[in-house]
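Counting in UniProt numbering, the sequence shown runs from 1 upward without gaps.
For each residue, glycine too, the CB sits at the ideal point set by N, CA and C.
Quick caveat, the model's predicted, so the values are computed rather than measured.
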Amino acid sequence: MVNWVVSLAGPRRVSLEPCPADPLGPGQIRVRTCYSGISAGTELTLYRGSNPRLSKDWDDATRMFVPRQAPAAYPVVGFGYEEVGEIVEVAADVADRHPGQVVWGIWGHQAEAVVPAGAVQPLPPGLDPLTAVFARPGAIALTAVLAGDLHLGDWVGVFGQGVIGLLATRLAALSGARVVAVDRVPARLDFATRFGARRVVDAAVDSAAAVLRAATDGRGADVCLELSGSYPALHEAIRATTHAGRVVAAGFYQGYALGLGLGEEFHHNRIQLVAAQVSGPTPAPGTAGRWTGPRIAHTFMDLVAEGSVDPLPLVSHVVDAGAVADALALLDRGDGDVLQVVLRF
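Below, the structure is given as structure tokens:
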């Protein structure tokens with residue numbers, strides 16, 4: 001049997017390649033991919049060649065990046081983390097999964113995959129399978145909201161209204177926060193209003209810090225969530241935050257911090273700067289023992305199933321998997337009308 005997998009041979013060199021199908025082992029299932037969403041953050045860093053894992057090694061024991069002596073880690077095969085598919089085969093010892101079941105999980109951009117039965121989750125009844133590509137982006141957004149420790153009535157700035165930023169805007173609004181959404185693309189700000197933002201700021205025209213301080217009688221935002229991965233945006237989020245307030249850095253920042261001045265408002269206003277990252281022992285600071293990665297993802301999908309969050313309008317392009325090079329080039333250009341790009345297998 002032949003499988004097909006997305007392979008990255010080097011920066012901006014991507015294709016769909018044949019590979020052998022894996023045999024099925026005990027406790028495993030075979031899932032045939034229906035859709036696989038492309039991340040405009042992590043996956044673009046691999047596509048562009050800026051991801052630190054390409055030039056350094058991650059040491060699990062010390063949780064540090066260490067120098068790598070070998071060349072960059074290409075090819076990168078089967079990357080991707082927004083998959084939904086149909087189970088086509090189960091091992092004899094698997095009792096709680098069955099062929100024909102639609103499931104979501106992480107198995108990378110490939111036509112089919114063999115994974116542990118416990119690594120996939122059934123699609124909630126009545127949901128369009130396409131919604132499941134948002135399980136991981138939704139978990140990333142919810143992690144940022146949890147890290148912000150939002151309270152009813154808080155003024156919250158959400159910087160960056162891409163897919164994850166828009167989901168964070170919706171989740172923050174559901175938490176009772178008064179959300180001010182910030183972006184440079186008017187169409188995305190329109191989405192933010194639909195997703196519950198009280199106010200929007202076109203950062204190409206206005207200072208988000210000035211708008212947030214004006215909205216709060218000069219205090220500034222109680223919390224700002226920065227999801228664009230831009231150092232200047234992180235700097236503006238710090239400027240927009242009240243004395244001793246909190247800024248959550250949840251974007252995947254690349255390179256060194258040009259445009260970020262920690263000797264300015266960060267230092268003088270004693271801003272709490274915390275990182276949120278969906279993987280690892282404790283995804284959101286202050287939630288150890290309560291919120292795990294799986295619970296966060298399941299909670300997001302529960303919110304989708306109950307109708308509190310509708311991510312489907314964020315799907316801007318569905319592309320056949322054979323055109324993956326075009327799909328990644330589309331995201332790489334950064335056009336304002338591009339949000340969630342999905343591969344169809």
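query, result
"Among residues of its own chain, excluding the 5 on either side of P52, which ones have a beta-carbon nearer than 7 Å to its beta-carbon?", "F65"
"Counting Cβ pairs closer than 8 Å, one from the stretch 248-258 and one from the stretch 181-193, do we hit at least three?", "no"
"If we call anything under 7 Å between Cβ atoms a contact, is G85 one with C34?", "yes"
"Considering only the alpha carbon of each residue, which of V90, G165, V5 lies closest to A233?", "G165"
"How far does the alpha helix (DSSP H) with R68 in it reach, from first residue to last?", "R68 -> no alpha helix (DSSP H), and no H or E assigned at all."
"Relative to the alpha-carbon of S279, which residue among R48, Y81, W4 has its alpha-carbon at the smallest distance?", "Y81"
"Given 8 Å as the limit, is there contact between the stretch 261-272 and the stretch 285-305, that is, 3 or more CB pairs closer than that?", "no"
"Name the two residues that bound the continuous alpha helix (DSSP H) containing P232.", "231-240"
"Are W104 and A141 touching if we call contact CB-CB under 7 Å?", "no"
"Pull up the CB-CB distance for A168 and V158, whole angstroms please, since I reckon it's below 8 Å.", "5 Å"
"Indicate the three-state DSSP secondary structure (helix, strand or coil) for F266 in the structure shown.", "helix"
"State buried or exposed for Y256, treating a residue as buried only when at least 16 other CB atoms are found within 10 Å of its CB.", "exposed"
"Smallest Cα separation from Q161: which of P129, S175, R194?", "R194"
"So does the stretch 36-56 actually touch the stretch 331-342, counting three or more Cβ pairs closer than 8 Å?", "yes"
"Could you pull out every unbroken alpha helix (DSSP H) segment of at least 4 residues lying fully inside the stretch 88-148, listed in chain order?", "135-148"
"With DSSP as the reference, label G167 as helix, strand or coil.", "Rather than Gly, the amino acid found at residue 167 in this sequence is Leu. Helix, per DSSP."
"One question on the structure: do V315 and Q277 come within less than 7 Å of each other, judged by their Cβ atoms?", "no"
"Under 7 Å between the Cβ atoms of A73 and L54?", "yes"
"Within 10 Å of its beta-carbon, does G138 have 16 or more other beta-carbons around it, so buried, or fewer, so exposed?", "buried"
"Could you tell me which whole beta strand (DSSP E) segments of length 3 or greater appear in the stretch 299-323?", "315-320"
"Just tell me which of P116, R246, G286 has its CA closest to the CA of Q272.", "R246"
"If you follow the alpha helix (DSSP H) that P187 is part of, which residue opens it and which one closes it?", "Note on residue identity: the sequence assigns Ala, not Pro, to residue 187. Its alpha helix (DSSP H) spans residues 186-194."
"How far does the beta strand (DSSP E) with residue 411 in it reach, from first residue to last?", "Look at the range of the chain in this structure, 1 to 345, and you will see that residue 411 is not part of it."
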